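Notes follow the structure.
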Amino acid sequence: MLEATGGKFNMFRIVGVSHYETIHSVIIAELLNPKGSHGLKEKFLEAFVRQVGITNFNCSCVSVEKEFSIGDGRLDILIKDSTGRNAIIIENKIYTGDQDNQLKRYDEWASEKYGKDNYHLFYLTLFGGKASEQSMGGTELEYKTISHSKNIISWLDECVCISAKYPLVRETINQYINHIKQLTGQDMDTMNREELMGLLAKRENVGTALSIVITGNNEDFRKKIIHEYIEKPLRQLATDKNLELSHFNVSSDKKWAGWKFKSNEWKELGIGFTFYREGRKDLFWGITTFDNKAKEETKWKFFENQSSPQWPCGTSPVKEDYRYWHAGTLKKIIDNPKDFTDYIGSLIDAILEEAKKRGVEL
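Going by my numbering, the sequence shown opens with residue 90, and the numbers climb by one from there.
So, in structure tokens, the structure goes:
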């Protein structure tokens, strides 16, 4: 079907746009710019302003900046009106993780530059995910999440209508829409679902796979990628050590997601790995119960943190390489699954050895 309709042909995919957030930002900024080469003046910007719910923003006389430097960072897209007192800021995230205090720095700069109520800060991701605590610097920020999968596609659909009499502009936008739909798993009318899931499972498509794991709203895709790249190697590790992998729940980005290893020979305890914070952040490990009813005598100190009913021996964070599962961490795991499973295996061995020394029965 794809070959018969020419659906595989897409210049944005061919030139590798999906791998570069800066190029996506350049494309969006060009369309938003009333002085852009599209020749439709402020019409695309007006459509965007309507799409994201902004009122009282004069689109007729603005400047649009890309990679605008603010000293300790760069704004992906900055749109400011002719008065210099109102602005729209767009931070575009597709594959890269947040920087320390990134959104906080942008907000502080905008507040000082334009005043508290005179700017709109948007956090654009593939699926409308929230900024991390790391980016917000532990503070509450006023910003709005928008997504490529809904907001940008809806806006571009309107741009297609606006550019109906401009065929080159119209068809270029149509190709970009199709490209975004491919990135966000919405092109089921042109690609068989199983075919797409199979493609995502291939290592060369790790970029798209990562975006779906991190912020995707398609549960089937997330499960497929996590199953192929993370769950399968961990299950093999469990088999190699005569253990069983249970309670595997890394597909969820909620607090306490994680997994456990257990054995039929162990009475009431297992070896657990859990994320202490939502968004697959702060991975800790330790000896865990399955019913929060560990016997008092099983509580021994081998870990950094204090014990609890669920973690009778305490817990420790995993090493920094794997503690926070942002895009870079996931890519590291997918690129080198053996390094990851070898490390997890070493922690299991350490617990078993320590338990043996102390005469503790798991």
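Where a beta carbon is used, it is the ideal one built from N, C-alpha and C, also for glycine. Because the structure is a prediction, the values reported are computed rather than measured.
- Burial is judged here by how many other beta carbons sit within 10 angstroms of a residue's own beta carbon; N331 has fewer than 16 and is exposed.
- Annotation: V339 is outside any alpha helix (DSSP H) and is labelled neither H nor E by DSSP.
- Taking R194 as reference, the option from Q140, T228, I177, L213 with the minimal CA-CA separation is T228.
- For N240 and Y212, the gap between their C-alpha atoms comes out near 12 Å.
- Using a Cβ distance threshold of 7 Å, A118 and K155 count as a contacting pair.
- Boundaries of the beta strand (DSSP E) around P406: 404 to 406.
- The continuous alpha helix (DSSP H) containing E443 extends over residues 426 to 447.
- Y212 is bridged by DSSP to E180, T234.
- L120: member of the alpha helix (DSSP H) spanning 110 to 121, first to last residue.
- With contact defined as three or more Cβ pairs closer than 8 Å, the stretch 247 to 261 and the stretch 211 to 226 are not in contact.
- Between S335 and K313, the C-beta spacing is not below 7 Å.
- In the pairwise beta carbon analysis, the stretch 181 to 190 is classified as not touching the stretch 139 to 154: fewer than three pairs are separated by under 8 Å.
- Contact annotation, R174 with Y203: C-beta distance approximately 6 Å; criterion of less than 8 Å satisfied.
- Between L323 and I433 a beta carbon distance of about 7 Å is seen, short of the 8 Å cut, so the two are scored as contacting.
- Here DSSP, grouped into helix, strand and coil, assigns I166 to strand.
- DSSP, reduced to helix, strand and coil, places T378 within a strand of the structure shown.
- Exposure of E201 is indicated by the presence of fewer than 16 other C-beta atoms within 10 angstroms of its C-beta.
- Per DSSP, S243 is one residue of the alpha helix (DSSP H) stretching across 242 to 251.
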